[in-house]
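J.: Just so it is clear: in the sequence shown, position 30 is 673 by my numbering, and no numbers are missing. This structure is in structure tokens; I'll ask about it shortly.
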Amino acid sequence: MEHVRDVGPYWQDRMKAELAGHPIVGEVRGVGILSAVEMMRDPKQRIPFEPDLQVGVRTAAALFENGVIGRAMPHGDILGYAPPLIITRKEIDIIVDATVKSVDTTYRALKAEGAV
């Protein structure tokens with residue numbers, strides 16, 4: 644658990660620093676190495692996407708294409724992460740970078756579809 648106390652703040656800080664303020668990210672939350680990224684049509688007004696757009700599922704698929712497994716949570720357009728307790732800072736960097744790339748990919752697709 645000492646390792647998690649060390650890497651947990653790094654994980655949370657990187658996720659928030661890279662994703663907070665993204666045009667479709669409403670919230671980045673978590674504790675320790677557990678975290679979630681919630682995507683919304685209008686993050687400032689907390690307006691969600693229409694369920695049929697399946698933004699969480701689409702982002703999870705893009706994430707998988709980028710070599711990382713993230714779970715699309717069943718309640719909203721949320722990616723959930725529960726990495727192994729032995730995760731390293733280098734692995735955290737890989738996951739965060741892939742998440743940013745995947746959220747960007749989803750955003751561009753939604754923009755092209757006129758959904759944002």
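Cβ coordinates follow ideal geometry from the N, Cα and C atoms, glycine included.
(1) Based on the DSSP output, what are the partners of Ser745 in its beta bridges?
(2) Apply the 10 Å Cβ neighbour rule to Gly664 and answer buried if 16 or more other Cβ atoms are within range, or exposed otherwise.
(3) Can you tell me which of Gly723, Ala752, Glu756, Arg751 puts its alpha carbon nearest to the alpha carbon of Val739?
(4) Measuring straight from C-alpha to C-alpha, what distance separates Glu681 and Val743?
(5) Please state whether DSSP places Leu677 in a helix, a strand or coil.
(6) Would DSSP call Gly699 helix, strand or coil?
(7) Could you work out which residue in Asp720, Gln697, Ala703 is closest to Gly669 when comparing CA atoms only?
T.: Looking at the atomic coordinates:
(1) Bridge pairing for Ser745: absent [DSSP].
(2) exposed
(3) Gly723
(4) Their backbone Cα atoms lie some 13 Å apart in a straight line.
(5) strand
(6) Helix, per DSSP.
(7) Asp720
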